[in-house]
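Enquirer: Numbering (my numbering), first residue to last: 46 to 344.
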Ligand code: GLU
């Protein structure tokens, strides 16, 4: 959104234009929501934050009850496994992490299934790797499974298959921010919400630069990419944010609007879907030429 007054504040025209764009979110039919490990756990104890999970599930069931298709991408497998087995693997103990992910994923699903069942919804577990998406046959099979599940009214819960690929080693799809955009691409979603520990994008790191401005809407990804390089702080430049910008590239090209928002309070999900000004909205621009397999190969 361009116009700003002399102090860099948004003008009335700008606010109206953004409100118009956000209004479109009300009409979305197929929504992917991503939540990360740190948002699901009490950082002090490592235990699951059940109140938050319950609220998240309620938000998703409510979208489903409105007739929308819903997919959840959830991390947390390793964190739950660590707590269950009372293990603290070091960074290079990758097989141990994989074992903990296998333990934790099953427990995580058990909690999700219980919570979704309380609201009469069925979930399904989908574990993916990079090959699920770059291999044509695998991609088609995964697409068919998702399509059938959504037809059945089920809410798929997705994670990376840490047994065969894990974020810490090569051949991973990347982190779950990127995975959720890949899922959005695969299922033809029209909205993707990344619940994060930040409010969205700023022109610079707001902790380092008090003049940093919040960006409500990104209509052209190239502007943000350029700004990311110029930024003095970490808000746009860290690995975390660059993964989000990769996710945005996939979502935008797939014709899916993407919002990065703070997952501290998960009620932000319905507020976003009601067109309210929460998080940063990346406006989609479907590109029929875009090839996900090529994009991943070149990353
Ligand atoms: N698959 C990992 C887990 O569930 C998380 C990966 C990520 O959050 O990027 O623990």
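No residue lacks a Cβ here, since even glycine has one placed at the ideal position from N, Cα and C.
In this text, all values refer to a predicted model and were calculated from it rather than measured experimentally.
1. Count the CB pairs spanning the segment 210-229 and the segment 315-322 that are closer than 8 Å, and state whether there are at least three.
2. Let me check you understand the geometry: is the CB of residue 120 closer than 6 Å to at least one non-hydrogen atom of ligand 1?
3. With a cut-off of 8 Å on the beta carbons, I'd call residue 118 and residue 224 a contact; round off their distance for me.
4. In three-state terms, what does DSSP make of residue 167?
5. Can you look up residue 74 in the DSSP assignment and give me helix, strand or coil?
6. Identify whether residue 282 lies in helix, strand or coil by the three-state DSSP scheme.
7. Looking at the structure shown, is residue 332 part of a helix, part of a strand, or coil, going by DSSP?
8. Among 106, 82, 165, 107, which residue has its Cα nearest to the Cα of residue 126?
9. What are the boundary residues of the beta strand (DSSP E) that residue 299 is part of?
10. Who are the near neighbours of residue 141 in its chain, counting only those whose CB is closer than 7 Å to its CB and skipping five residues on each side?
11. Can you tell me where the beta strand (DSSP E) holding residue 115 begins and where it ends?
12. Can you tell which of 168, 211, 263 has its C-alpha closest to the C-alpha of residue 290?
13. Between residue 207 and ligand 1, is the CB less than 6 Å from at least one heavy atom?
Expert: Well, looking at it:
1. Too few Cβ pairs lie closer than 8 Å, so no.
2. For ligand 1, at least one heavy atom lies less than 6 Å from the Cβ of residue 120.
3. 6 Å
4. coil
5. coil
6. The pLDDT assigned to residue 282 is 33, lower than 50, so where the model puts this residue is not dependable; a value taken from the coordinates is nonetheless given after this. Correct three-state label for residue 282: coil.
7. coil
8. 82
9. Element bounds for residue 299: n/a, residue is neither H nor E.
10. 132, 134
11. 114-119
12. Among 168, 211, 263, the Cα nearest to that of residue 290 belongs to 263.
13. Yes, ligand 1 has a heavy atom inside 6 Å of this Cβ.
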